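Visitor: One structure coming up, written as structure tokens, with questions to follow.
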Amino acid sequence: LEGVSVIGVPVKEIRIRSDLSLPRYAYQSPFLGSGIERVVVEEGVTKLPANLFSDGCSGMTSLELPESLQYVEAGCFENCTSLTSLVIRSNIGMSNRSSVVSSFGNSALNTIRFADGVTEIGKLLLENKDGEAITVYMPVSITKMDASVFEENTSVDLMFAGTEEQWESVNKNGWTPTSITFGVQPAGADRVSAPMAVRMGGGLPMQDAFVMYDKEEDDQKGTEDDNQKSDSEMNDEEETERLDRLQAFIS
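Note that the working numbering gives residue 257 to position 168 of the sequence shown, counting from 1, and the numbers run on in steps of one.
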């Protein structure tokens, strides 16, 4: 990004398709004051440099990071003051372990989801600028955490997908959440994609289809169907009894 600058120019969306770097010793974002509303980091990007979006992403409310990403450097998303939701799909951290500047400093983060398959979380110094608690979802695949994943004194309500025994086996380097609930999946975790062979004419598979269903909705529908079935059976019994009484009266 040598020589590139849109300082003060309103920007709706930025897409990052490959690794990039800022000029050496650049402490100011090329997007300063742009009010970026959406950042898309595409699969294949492995590193986001320090201060890349610092003071330039005030309009962004959510962010999803790809599986390929390894490093989010200090100050990268500094002062993204509207950022409340973060999804992380890879083992990430800062390459500069000595940094005291957060990757997401002064954000409004209240929900963070680590995707299934993430095994290690490095130093990020995550925080909420207002001191509010952050709800964090972690999968059972987690094996190791840096002691500075979160800023010191950050309140974290942890929703861990596994059991208490599985949590005890995680190397947390001394970090403990404010509270922890076990066996909780992130919202939408019951939404499953399952292959279904569609057969037409002579039983030959003509195509593959993928069905999406929500377990909770499916269970609820099943209950409603059972209730409807029970009501129907009851109506049939009542009708039979009524006809029997009528036949007896006629006789």
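The beta carbon of each residue, even a glycine, is placed where N, CA and C say it ideally should be.
Note that this is a predicted model, so its numbers are computed, not measured.
Return the bridge partner residues of Leu158 from the DSSP annotation.
Guide: Leu158 is not bridged to any residue.
Visitor: Hey, would you say Ala163 sits closer than 7 Å to Met183, going by beta carbons?
Guide: yes
Visitor: Go ahead and pull the three-state DSSP assignment for Glu221.
Guide: coil
Visitor: Could you check whether Arg106 and Glu126 sit closer than 7 Å to each other, using their CB atoms as the reference points?
Guide: no
Visitor: Short of 7 Å in beta carbon distance, which residues of its chain neighbour Gly211, apart from the five on each side in sequence? Order them along the chain.
Guide: Cβ neighbours of Gly211 within its own chain (closer than 7 Å, five residues either side excluded): Ile181, Gly182, Met183 and Asp235.
Visitor: What separation, rounded to the nearest whole angstrom, lies between the Cα atoms of Ala197 and Tyr160?
Guide: If you draw a straight line from the Cα of Ala197 to the Cα of Tyr160, it is about 21 Å long.
Visitor: Cβ of Ser147 within 7 Å of Cβ of Thr170?
Guide: yes
Visitor: Could you tell me the distance, in whole angstroms, from the CA atom of Arg117 to the CA atom of Glu209?
Guide: Just to set this straight, residue 117 is Gln in the shown sequence, not Arg. Cα to Cα, the separation comes out at about 30 Å.
Visitor: Taking only three categories from DSSP, how would you classify Glu240?
Guide: coil
Visitor: Return the CA-CA distance between Asn168 and Val259, expressed in angstroms with no decimal places.
Guide: 31 Å
Visitor: Is Glu257 buried or exposed, if buried means 16 or more other CB atoms sit within 10 Å of its CB?
Guide: Burial call: exposed.
Visitor: Determine the contact status of Asn195 and Lys218, defining contact as a CB-CB distance below 7 Å.
Guide: yes
Visitor: Following the continuous alpha helix (DSSP H) through Glu257, name the residue where it begins and the one where it ends.
Guide: Glu253 to Glu257
Visitor: Can you check the region 144-209 for any alpha helix (DSSP H) of at least 4 residues that lies completely inside it and give the ranges in chain order?
Guide: Listed in chain order, nothing qualifies, since the region 144-209 has no complete alpha helix (DSSP H) run of 4 or more residues.
Visitor: What are the start and end residues of the beta strand (DSSP E) that includes Glu131?
Guide: Run containing Glu131: none; DSSP gives neither H nor E here.
Visitor: Can you tell me whether DSSP reads Thr270 as helix, strand or coil?
Guide: strand
Visitor: Can you tell me the Cβ-Cβ gap for Glu216 and Ser191, rounded? I've got them flagged as a contact below 8 Å.
Guide: 6 Å
Visitor: Starting from Arg104, trace the beta strand (DSSP E) both ways and give me its first and last residue.
Guide: Glu102 to Ile105
Visitor: For Glu102, I'd like the list of residues in its chain whose CB is within less than 8 Å of its CB, leaving aside the five on either flank, ordered along the chain.
Guide: Ile125, Glu126, Arg127, Val128 and Val129
Visitor: Between which residues of its own chain and Val229 is the CB-CB distance below 7 Å, once the five residues before and five after are set aside?
Guide: Ala250, Gly251 and Gln255
Visitor: Which residues in the same chain as Gly277 place their Cβ atom closer than 6 Å to its Cβ, once the five residues preceding and following it in sequence are excluded?
Guide: Note that Gly277 scores 43 on pLDDT, short of 50, meaning its location in the model is unreliable; the coordinates nonetheless yield the value given after this. Cβ within range, chain order: n/a, list empty.
Visitor: Less than 7 Å between the C-beta atoms of Thr135 and Ser157, yes or no?
Guide: yes
Visitor: Asp144: buried (16+ other C-beta within 10 angstroms of its C-beta) or exposed?
Guide: Under this definition Asp144 is a buried residue.
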